[in-house]
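Note sheet for the following structure.
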Amino acid sequence: MKKFHTRLIGSLFALLLVVLLSGCGKSSAPSAGGNSGGGSSAGAASDAIPLPENPQPAYCEPGIRGGRLVIASFGEPKTFNPITANDTSSQEIYRLLFGTLLYFDWPTQDVKPALAESWSVADDQKTWTFKLRKGVQWSDGLPFTADDVIFTWEIIYHPDINNVTRDAFMLDGKKFEVTKVDDHTIKVVTPAPYAPFLENFGGGVYILPKHILSKVPAKSFEATYGINTPPAELVGCGPFLLKEFKPGQLMLLERNPRYWVVDKKGQRLPYFDNIIFTIVPDMNAMSLRFRKGESDVFEYVRPDEYVTYKEESDQGKYQLLDLGTGLERGFFWFNQNTGTNPKTGKPYVDPKKLKWFRNTKFRQAMAYAVDRPSLIKSIYAGRAKPNFGYITEANKRWVADNLPQYNYSVAKARALLGEIGIRDRDGDGFLEDDQGNVIEFVLNTNTGNNTRDKIAVLVQSDLKRLGLKVIYQPIEFNTLVDKIDTSYDYECILLGLGGGSTDPSASMNVLRSDGFTHQWFPRQKSPSTKWEERVDFLMNEQLKILDYKERKKVFDEVQMILAEEVPMIYTVSPYVYAGVRNGLGNLRGTALSAYRATWNAEELYWKEKR
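Taking our numbering, the leading residue of the sequence shown gets 26, the next gets one more, and so forth.
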């Protein structure tokens, strides 16, 4: 189920997808070897390399080493670069290759030690000190030090390197000061108190190897660690290494023999020798592979498949995890970019259409025009809820009450359009604006996601019923991402947001007008509307408020503005399910992560050899 994350997310689009723990033992001198291990020799290779000096037990029960986990996926990564990536196809892989300072436990929402073994904050609530774990090695055998952390933040803040991470780490337009105290200590000073500091700074940023990437020119950095990088040159310190990537076929990951985590029995994690991602054409194929026993996990069981999965689960074929309402929210939006294409000299959006798209009443009319009850019944078999706000009820801590409800009403939609001069002027059944232009636009979504395809078809039908000409054109996911992030060559897109942190800060790059993922008009030099200017101010302020109740009031106002201005027209929030093969140990499913069953992949194991 490919979508943007709110890194947020990424938000931060999954900023906190952390898969790192800690280890113990003595440090070793760097070796000349590259990415070694995997297969039956992976355990021996791992045991031959001493562990770091300061041990920390894994956050799981001891498991059994060996075997492999097979996951079917219909998306391919665009990059293995965790700083510049902005799509879940890439995140699905790089989350397993790199490490963060702190470990984020998704089910409990707790932050725990990882690459940093401890931390402290001064009385000013702005000065933080991290003690890094000694003896940790990169996958090529060289030591992990404070220099790597400093380098990573230099990359994040570099003005010539586009990335979704930077947006969440600016306060009042100022950067965090990240400095080296010694080889295993860093100090961070924030411009003001920063409420989600540990979760975001510690648990949400993947650290890069300075010795590998420091020589890459800034203008080339977005291309580094791309999909054409030879696996042996892709150096990380996460639980797994990339062994092989065959576009259109598979991604083979192997155990990192230098991973720095041990369980209570002294076994080095991860437990699996390999994780294999097999690439399939769409979600139907993903589901079929799982049900036939050809993959071990299917994390996106669709609500309309629930009855089948429940029946087969009751027969003992596999487990079905029922995780409740998820964070995902489907929506469509219109391109409000007022800019001009520098290559062609033409506006990104046809001026007459831009006038429609930037009108609040036009967008409100679109919200009323969507028949969500029918969508829930026909596509989700009743297992979804209408959604009208920026976040769903699954995020109980932050969701706002009393937001406007755009319940299905063609009459209200037509009335709003009439107020801005859009009506059927010639009696042909289609609406025209006050200049006689037919209201017509192209709706895109990504291929491969059957559920999203069905939603797009129904939305097209709903808008046609209103009197709009909507041309539906599904396109390949990475091509769609390029339209959204780079070329801005589109009119209307239907996608979704999900994953990422539950904290409001995870949405900085989506909600701030200068954000990389401010989809309807990204990276604005200054806010193009008064309401975006207000959201910018509020999102900056909420970061500095340490009191939860006061902070929530500010974020409630943000949600109210978004609900009234509807830059994103929401559809529904589905219930979430996952299928997993029987016998998978340390399984802790959660609806709060995009990786419902494998967020802790390094801890998973087979209880019996397979």
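Cβ coordinates follow ideal geometry from the N, Cα and C atoms, glycine included.
- For Phe357, the pairing in a beta bridge is given by DSSP as Leu519 and Ile594.
- Exposure of Ser551 is indicated by the presence of fewer than 16 other C-beta atoms within 10 angstroms of its C-beta.
- In the structure shown, Pro295 adopts coil according to DSSP, grouped into three states.
- Comparing alpha carbon positions, the residue from Glu117, Pro592, Phe580 and Val560 closest to Ile518 is Pro592.
- The Cβ-Cβ distance between Ile118 and Met276 falls below 8 Å.
- In this structure, the CA atom of Lys494 is about 7 Å from the CA atom of Phe455.
- Judged by pairs of C-beta atoms under 8 Å, the region 501-515 does not touch the region 197-217, as fewer than three such pairs exist.
- DSSP, read as helix, strand or coil, puts Arg450 in coil.
- The residues Lys494, in chain order, have a CB closer than 6 Å to that of Glu465 in the same chain once the five nearest residues on each side in sequence are set aside.
- Non-local beta-carbon contacts of Thr154 in its own chain, meaning distances under 6 Å to residues more than five positions away in sequence, involve Ser145 and Lys212 in chain order.
- Spanning the alpha carbons of Pro255 and Glu269 requires a straight line of approximately 8 Å.
- DSSP places Val95 in the strand class (E or B) of the three-state scheme.
- From the listed residues Glu319, Arg477, Lys199 and Lys437, the smallest Cα separation to Ser403 is found for Arg477.
- Rounded to the nearest angstrom, the Cβ distance from Val241 to Phe541 is 20 Å, too far for a contact under 8 Å.
- For Trp545, the three-state secondary structure derived from DSSP is coil.
- Here Ala97 is buried, its C-beta having at least 16 other C-beta atoms within 10 Å.
- Annotation: Asn412 to Glu78 spans about 50 Å, alpha carbon to alpha carbon.
- Nearest C-alpha to Glu566 among Phe194, Tyr84, Ser115 and Leu126: Phe194.
- Per DSSP, Leu400 is one residue of the alpha helix (DSSP H) stretching across Arg397 to Tyr405.
- By the C-beta criterion, the region 336-352 is judged to be in contact with the region 598-611, since at least 3 inter-stretch pairs fall below 8 Å.
- Non-local C-beta neighbours of Phe201 in its own chain, meaning closer than 6 Å and more than five positions away in sequence, comprise Phe194, Val213 and Thr215, ordered along the chain.
- The beta-carbon separation of Asp459 and Gly446, rounded to 4 Å, stays under the 8 Å limit for a contact.
- The criterion of a C-beta distance shorter than 8 Å is satisfied by Gly523 and Leu352.
- At the C-beta level, Ile304 and Arg93 stay beyond 8 Å of one another.
- Runs of the beta strand (DSSP E) lying entirely within the region 116-143, each at least 3 residues long, are 127-130 and 135-138 in chain order.
- Here Lys156 carries a strand assignment [DSSP, helix/strand/coil].
- Residue nearest to Ile586 within the set Phe323, Ala409 and Thr385 is Thr385 (criterion: CA-CA distance).
- DSSP, read as helix, strand or coil, puts Glu86 in coil.
- Contact between the region 474-489 and the region 393-410 is present, with at least three C-beta pairs closer than 8 Å.
- Bounds of the alpha helix (DSSP H) holding Asn503 are Phe502 to Asp507.
- By the criterion of at least three beta-carbon pairs nearer than 8 Å, the region 526-537 is not in contact with the region 361-378.
- By the Cβ test, the region 111-129 is not in contact with the region 323-340, since fewer than three Cβ pairs between them sit closer than 8 Å.
- In the DSSP secondary-structure assignment, Ser145 is bridged to Thr154.
- With a beta-carbon spacing of about 18 Å, Met308 and Asn469 fall beyond the 8 Å limit used to define contacts.
- For Asp197, the closest of Pro184, Pro218 and Lys289 by C-alpha to C-alpha distance is Pro218.
- The C-alpha of Trp178 is placed about 41 Å away from the C-alpha of Phe387.
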